[in-house]
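Colleague: Take the sequence shown: its position 38, counted from the start at 1, is 41 in this note's numbering, and no numbers get skipped. For each residue, glycine too, the CB sits at the ideal point set by N, CA and C. Pasting a structure here, questions to come.
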Amino acid sequence: MNAIEQAVRWLNDPLNWTNPGGILDRLGEHLSMSAAAVLLGCLVAWPIGLWLGHSGRGGGVVLLISNVTLAIPTLALLTILPLTFLGFGRPSVVVALAVFAVPPLLANAYTGVRQADPEARDAARGMGLSGGQLLRRVELPLAVPYLAAGFRTAAVQVVATAALASFVNGGGLGQIIRAGFGLDIAAGGGQIIAGGVLVAGLAVLVELLLALVERVVTPRPLRRARTGADRRAAAAVAGGD
4 MNAIEQAVRW LNDPLNWTNP GGILDRLGEH LSMSAAAVLL GCLVAWPIGL
54 WLGHSGRGGG VVLLISNVTL AIPTLALLTI LPLTFLGFGR PSVVVALAVF
104 AVPPLLANAY TGVRQADPEA RDAARGMGLS GGQLLRRVEL PLAVPYLAAG
154 FRTAAVQVVA TAALASFVNG GGLGQIIRAG FGLDIAAGGG QIIAGGVLVA
204 GLAVLVELLL ALVERVVTPR PLRRARTGAD RRAAAAVAGG D
């Protein structure tokens, strides 16, 4: 029996789904720590990105923060953070994944505000709105499609990367892959493939669901114009706006 057949048989075994530490348990762990990491990333990145976009002077800062966070390997963070007060387990995993989630969340928040209609800004200022009111009532609602796009990208990346949590006893679907490597390759090859299929399938499912959400929150006239706008915004960020 080859590894593919072993993987199919392993996935079709109900006990592998329902036993303690089985697929359903690992799936719950995977989703919970991924959700916590993306939420933490949002709490950090969105306020910074929105305010820098509102001020119009933060393109270089956004680019710097994005490049620095992208340059730090997630596996390196997962190795270092458990040696801090966070310890081994879920907290260090969530923080490491949150750092990985920051770049798309930050860049899209900044881009969304900078792409707000200048005429809408001018009209709001003409009505006497303060800077904070302008951000909350005009720029933030117009930036929602971009926030959704950044959330979608961050969520998919985090879900796919969360498989590494098994290296620091963080649980998740990666634990299935790790357990397979702990067996003889002839016996564990199918389990390794099955774990990889589960992680990939979950990432694809999250991508499809959030793509639908992004489409729903994006006004129809903006859907066709988004590609060109995103390119111009990326150029603006690179040039420091």
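Beta-carbon within less than 7 Å of leucine 109's beta-carbon, same chain only, minus the 5 sequence neighbours each way: which residues are those?
Modeller: Ala48, Ile51, Gly52, Val65, Ile68 and Ser69
Colleague: Considering aspartate 2, what are the terminal residues of the alpha helix (DSSP H) in which it resides?
Modeller: Here the chain has residues from 4 to 244 only, and residue 2 is not among them.
Colleague: State the Cα-Cα distance for the pair threonine 164 and alanine 123, rounded to the nearest angstrom.
Modeller: 39 Å
Colleague: Quick check: the stretch 100-119 against the stretch 151-160, are there 3 or more CB pairs under 8 Å?
Modeller: yes
Colleague: Pull up the CB-CB distance for valine 116 and alanine 39, whole angstroms please, since I reckon it's below 8 Å.
Modeller: That pair is no contact at about 26 Å.
Colleague: Express the C-alpha separation of threonine 87 and glycine 173 in angstroms, rounding to a whole number.
Modeller: 15 Å
Colleague: So, are the CB atoms of glycine 171 and serine 95 less than 8 Å apart?
Modeller: Note that residue 171 is valine in the sequence shown, not glycine. Against a cut-off of 8 Å, the Cβ pair of serine 95 and valine 171 comes out as a contact.
Colleague: If we require 4 or more residues per run, which alpha helix (DSSP H) segments fall completely within the stretch 55-99?
Modeller: Segments of the alpha helix (DSSP H) lying fully in the stretch 55-99: 62-74 and 77-83.
Colleague: Can the beta-carbon of alanine 141 be found less than 8 Å from the beta-carbon of alanine 112?
Modeller: Here residue 141 turns out to be valine, not alanine, going by the sequence shown. No, these two residues do not count as a Cβ contact at 8 Å.
Colleague: Among the candidates Gly25, Leu143 and Leu137, whose CA atom is the shortest distance from the CA of isoleucine 180?
Modeller: Gly25
Colleague: Please return the same chain residues whose Cβ sits closer than 6 Å to the Cβ of alanine 10, not counting the five positions on each side in sequence.
Modeller: Gly193, Ile196 and Ala197
Colleague: Does the separation of the CB atoms of methionine 36 and alanine 146 fall below 8 Å?
Modeller: no
Colleague: Measuring straight from C-alpha to C-alpha, what distance separates leucine 80 and aspartate 16?
Modeller: Whole-angstrom Cα-Cα distance: 35 Å.
Colleague: Could you tell me the distance, in whole angstroms, from the CA atom of histidine 33 to the CA atom of leucine 205?
Modeller: Straight-line Cα distance between these residues: approximately 10 Å.
Colleague: Tell me whether glutamate 8 is buried or exposed, calling it buried when 16 or more other Cβ atoms sit within 10 Å of its Cβ.
Modeller: It is exposed - the Cβ of glutamate 8 has fewer than 16 other Cβ atoms within 10 Å.
Colleague: When the Cα of leucine 30 is compared with those of Val162, Glu217 and Gly92, which residue comes out closest?
Modeller: When each option's Cα is compared against that of leucine 30, the closest is Val162.
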